[in-house]
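Residue numbers (the working numbering): 223 to 361.
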Amino acid sequence: MNREGYQFSKEQLNQAREASLADYLLQDSDRFYEDERGFIRDKQRPKFKVDRKRNKYFLNVEGSEYAIGNPIEYVDHIMGLGFVKAVDELLDFVHGVKKQMPTREDYSSEPSPFSDEEFAYYMKMAKEDEIYQEEFGTY
């Protein structure tokens, strides 16, 4: 894969995708914690959780939980690092490179234009559109 001059092998992408999102987030113990049911929670986003077993993060929108994505998608979309930096960040984590967790401000001067609810709704609609196109074809 070649993006912004970077090349990642399939193995590297799989390592980043399979990195434990729960363990990655728990590096910031001031913000993230494990609840009594074993989910990782964010003190700043009460509708957010990470399921350690599935290695996915969820947002509760309109009373329903929607699986949003894997570790790469979290670091890319939610933290705002972008795909290449997200993969680099997760590969460093997998290989034990110790450094301070980056924030959106480290890489982007512009805050996300979407709230958690708007982002979850957008991802839900995108997934439903993919399912529709797979079943019925595109126009």
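Think of the CB as a built atom: it goes at the ideal place given N, C-alpha and C, for glycine as much as any other residue.
Given the structure is predicted, the values throughout are model-derived calculations rather than measurements.
Among the options, nearest to residue i - alpha-carbon criterion
i	options	result
I290	A308, L247, D273	D273
K268	N277, Y255, K278	Strictly speaking, residue 268 in this sequence is Pro, with Lys absent from that position. Measuring from the Cα of P268, the nearest candidate turns out to be Y255.
N236	R253, L313, K320, R263	L313
R259	K275, R253, S251, Q266	K275
Q229	V306, H317, F270	V306
Neighbour-count burial assignment, residue i, 16 or more Cβ in a 10 Å radius
i	result
T298	Looking at the sequence itself, residue 298 is Asp, so the reference to Thr does not match. Buried, since its Cβ has 16 or more Cβ neighbours within 10 Å.
S286	exposed
G178	Residue 178 lies beyond the residue range present for the chain, which begins at 223 and ends at 361; the question has no answer from this structure.
V309	buried
Proximal residues to residue i (C-beta, below 7 Å), its chain only, five neighbours per side dropped
i	result
G243	Before going further, note that residue 243 is Leu rather than Gly in the sequence given. Hits under 7 Å: V272, N277, Y279, P293, Y296.
F315	A241, Y246
R253	D264, K265, Q266
K320	none
Residues near residue i by beta carbon distance below 6 Å, same chain, minus five either side
i	result
M323	Q249, D250
D257	R263
A238	I294, V309, L312, L313
S330	For S330, the pLDDT reaches just 47, beneath the cut-off of 50, and the residue's location in the model is therefore unreliable, although a value from the coordinates is still provided. So the list reads G302, once near-sequence residues are dropped.
Contact set for residue i: own chain, Cβ-Cβ below 8 Å, skip 5 residues either direction
i	result
Q234	V309, L313
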